[in-house]
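Chemist:
Residue numbers (the UniProt record's numbering): 1 to 88.
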């Protein structure tokens, strides 16, 4: 039961724990965990903080802000191996 209102749904999310797949990189797990941390004081909230994380070490944030990059330029083709999604 996901909850029949936004408030109930948010409460369920807050009360639940999540498990990350073991086949994703430590750097990806770090980003996801920081964004999904329940405590607002510990949660990664500012976009500028992303550029300091290992997962984004090869991303030029200035180019993103200036819209010089497309998602295709940033996300590798095999990023969604289990879903069957692709950029093609």
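Glycine included, each C-beta is placed from N, C-alpha and C at the ideal position.
1) Shortest alpha-carbon distance to residue 56 belongs to which of 38, 41, 68 and 25?
2) Thinking C-alpha only, which one of 13, 54, 58 and 53 is nearest residue 39?
3) Pick out whichever of 52, 47, 60 and 11 has its Cα sitting closest to the Cα of residue 96.
4) Starting from residue 50, trace the alpha helix (DSSP H) both ways and give me its first and last residue.
5) Under 6 angstroms Cβ to Cβ from residue 64, same chain only, skipping five residues before and after it: list those, please.
6) Smallest Cα separation from residue 48: which of 22, 17 and 62?
7) Leaving aside the five residues before and after residue 34 along the sequence, list all residues of the same chain whose C-beta is less than 6 angstroms from its C-beta, in chain order.
8) Please state whether DSSP places residue 24 in a helix, a strand or coil.
Modeler: In terms of the structure at hand:
1) Within the chain shown, the letter at position 56 stands for residue 56. Measuring from the Cα of residue 56, the nearest candidate turns out to be 25.
2) For this step, residue 39 is matched to residue 39 along the chain shown. It is 13 whose Cα lies nearest to the Cα of residue 39.
3) Residue 96 cannot be examined here, being either before or after the span of the chain that is shown, 1 to 88.
4) Taking the chain shown and counting its residues from 1, one reaches residue 50 at position 50. Here the alpha helix (DSSP H) through residue 50 covers 47-50.
5) The residue given as residue 64 occupies position 64 in the chain shown. If we look at residue 64 and ignore the five residues flanking it on each side, it has no Cβ neighbours.
6) Position 48 of the chain shown, counted from the start, is the residue given in the question as residue 48. Comparing Cα-Cα distances from residue 48 to each of 22, 17 and 62, the minimum goes to 62.
7) Within the chain shown, the letter at position 34 stands for residue 34. Correct list, in chain order: 44.
8) Indexing the chain shown from 1 puts residue 24 at position 24. Coil at residue 24, not helix or strand.
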